[in-house]
Structures are given as C-alpha cells and as structure tokens.
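Novice: Take this structure, written in structure tokens, and hold onto it; I'll ask about it next.
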Amino acid sequence: MALHDRWVQERKHERYYKLAKKLNYRSRASFKLMQIDDRFGIFREGDSVADLGASPGGWLQVAKERVGDRGKVVGVDLRYIRPMDGVTTIIGDITEDSTMRELTELFGGKADVVLSDMAPNIGGNYSTDHARSVDLCMYAVAVCDRILRKGGKMVVKVFMGDMIDSLLTELKPRFRSVRIYSPDASRDTSSEVYIVSKGFLASENVKLKDIAEEEKKPEFRAKGRNI
Ligand SMILES: C[S@@+](CC[C@H](N)C(=O)[O-])C[C@H]1O[C@@H](n2cnc3c(N)ncnc32)[C@H](O)[C@@H]1O
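Residue numbers (our numbering): 43 to 269.
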C-alpha cells in the first residue's frame, strides 16, 4: 500500500476509534453496521437478530438500539462478550455443532436478520486468510439455512479474493438480492467488504437441513484448500 493511502487509512481508523470512545460504542466496527443499515434498511423495530463473531459487542449495541426493547438480539463469539442489557450471548465456535444447535434452539427458524463480522486470526499468507474468511461465511450461510425466516436478511463480512465467487454461488439462489458494499467506516481499510443479502427464499430454493439428523459440519468447507 502506498504511503499516502496508509496515512489516509490510519487517520480514518483513528477518527472512528475516537468517535466510538466518545459515544460509548465497544468498537469502531459499530459505525460500519450503522452505515450498512442506513443504506440498506436492515433492521426493523422488534426484529430478532443473530450476530456471529460479536465480541467485543459494537454490532450488538447497534442492533439492540435499532430493534428496540421488543426485539431479540443474540451474539455468538469464541471470545468473552461483556454482558449487555437485553442481549443474550453464547460463547462458542460457530463451526461446532453444539454452538450451531444452541443458536438454532434459541431462534427456531424465526430470525429476521443474521449478521456476521467473523474474521479468522490473520496469518502471514493472504490467500489462506481469504480462504478462512470465506469458510466462516459459509458457516454463516449454514446458520441462515437453520434460523432465518423467509424474507429475512443477512450481512456478512468477507476478505476479498478469488473465492468470493464460490460464496456468491451459495448466496444467490438463497436470496432475492445480493449486493457487495464497502461502508465508509471500512473503505480503504484492508480488503474487507460486506455482502448484504435480502429476501431470504428459505424452503422455496434451498432444502433446509435437518439439524436433528445432521451431526456433521456444513459440507461446503472451502473446497480443495488445505486450511
Ligand atoms: C472483527 S471481530 C467482531 C467485531 C464485532 N462485530 C464488534 O462490533 O464488536 C471478529 C470476531 O469474530 C470472532 N470469530 C472468529 N471465528 C469465529 C468462530 N468460528 N465462531 C465464533 N466467532 C468467531 C472472533 O473471535 C472475533 O471476536
């Protein structure tokens, strides 16, 4: 990255970081979700929301504010999430059946929105990081198959790269619209983008997996890659 671009990126990080501190958001990622919601209208009052990769809780705060007291917000993360009023948290790995099952039981096919800001631990090799990011997105798709209601929405973060197409191939038959977006709070920073999908088609196009029978992991692990 050119020196000037890096300077612009650092200033932007710092601006959102300071704003998050000032407004009591747990992370500057909060602004990404606000900007996505302002642009695409993700939340409605009273919605039920599952937030995957939720720690430290910046997205949970925004989701809770926007769905209000009648809404239901559940956050999942490998890491501890400091308790938040009116928000349920699950500490677990979304790639584990037990976590997937716990989430499914909490929503029972009635979630209005599935969010994923999950990111793998960044190693030195970009193509491996990209493949891991796509893999996590595939798990988020598996969550949608289990808990998202017909017409529901999904927002998922992914690191750009050549495997994006395989992710879009999973998303397009499942949703009425699928858009790639980069909010100002993340633009110019790294290679992350957000895929905003609306109008979940549920059982019309996708055969819902029977969680009771299926004890194995989602079959679409990043194919052909040793990750
Ligand atoms: C960028 S942070 C999320 C920030 C959060 N959206 C916020 O606003 O505070 C990404 C998170 O994804 C979580 N994560 C990564 N892999 C995961 C997995 N397999 N299951 C659950 N969480 C995971 C990480 O522990 C990390 O906390």
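Just so you know, even glycine gets a beta-carbon here, dropped at the ideal spot from N, CA and C. Being a predicted model, the structure only gives us computed values, none of them experimental.
Output needed for K60: all residues of its chain with C-beta closer than 6 Å, excluding positions within five of it in sequence on either side, in chain order.
Specialist: Nothing meets the Cβ criterion.
Novice: Any chance the segment 135 to 146 sits against the segment 97 to 115, with 3 or more Cβ pairs inside 8 Å?
Specialist: The segment 135 to 146 is not in contact with the segment 97 to 115.
Novice: State the CB to CB distance for the pair L94 and A173, rounded to an integer number of angstroms; the pair is presumed to be in contact (CB under 8 Å).
Specialist: About 18 Å separates the two Cβ atoms, so there is no contact after all.
Novice: Is it buried or exposed for G88, if we count other Cβ within 10 angstroms and need 16 for buried?
Specialist: G88 is exposed by the Cβ-count criterion.
Novice: Below 8 Å, can you find three or more Cβ-Cβ pairs linking the segment 120 to 130 to the segment 161 to 178?
Specialist: No, because fewer than three Cβ pairs between the segment 120 to 130 and the segment 161 to 178 fall closer than 8 Å, the two stretches do not touch.
Novice: Within the present structure, is the beta-carbon of T170 separated from the nearest heavy atom of ligand 1 by less than 8 Å?
Specialist: No, since every heavy atom of ligand 1 falls outside the 8 Å radius drawn around the Cβ of T170.
Novice: My parser needs the beta strand (DSSP E) runs of 3 or more residues fully inside the segment 121 to 167; what are they?
Specialist: Runs of the beta strand (DSSP E) inside the segment 121 to 167: 129 to 133, 153 to 158.
Novice: In angstroms with no decimal places, state the Cα-to-Cα distance between G117 and L148.
Specialist: The alpha-carbon atoms of G117 and L148 are separated by roughly 11 Å.
Novice: Under 8 Å: does the beta carbon of P162 sit that close to some heavy atom of ligand 1?
Specialist: Yes - ligand 1 has a heavy atom lying nearer than 8 Å to the Cβ of P162.
Novice: The beta strand (DSSP E) with R112 in it runs from where to where?
Specialist: It is not in any beta strand (DSSP E) - R112 carries neither H nor E in the DSSP assignment.
Novice: What is the C-beta distance between V200 and C179, in whole angstroms, given that I count them as a contact (C-beta under 8 Å)?
Specialist: Indeed, because the Cβ distance is near 5 Å, the residues count as touching under 8 Å.
Novice: What is the rounded straight-line gap between the Cα of K54 and the Cα of A227?
Specialist: So the two alpha carbons sit approximately 7 Å from each other.
Novice: Cutting at 6 Å between CB atoms, please list the residues of its own chain near R57, excluding the five before and the five after it.
Specialist: Excluding residues within five positions, none has a Cβ falling inside 6 Å.
Novice: Can you give me the Cβ contacts of V238 inside the same chain, cut-off strictly under 6 Å, excluding the 5 residues immediately before and after it?
Specialist: Around V238: F82, V197, R221, Y223.
Novice: When DSSP labels each residue in this structure, what does A173 get in the three-state scheme?
Specialist: Three-state result, A173: helix.
Novice: Answer yes or no: the CB of D119 versus the heavy atoms of ligand 1, is any distance below 8 Å?
Specialist: Within the cutoff, so yes.
Novice: When every heavy atom of ligand 1 is checked, does at least one fall within less than 8 Å of the C-beta of T131?
Specialist: T131 Cβ: outside cutoff for every heavy atom of ligand 1.
Novice: Assign P225 to buried or exposed, taking buried as 16 or more other Cβ atoms, counted over all protein chains shown, within 10 Å of its Cβ.
Specialist: The residue is buried, with at least 16 neighbouring Cβ atoms inside 10 Å.
Novice: Please name the residue in D111, V176, K114, V109 whose C-alpha comes closest to that of T211.
Specialist: If we check each option's Cα against that of T211, V176 comes out closest.
Novice: Using a Cβ-based criterion (distance less than 8 Å to any ligand heavy atom), does G134 qualify as near ligand 1?
Specialist: Under cutoff, so the answer is yes.
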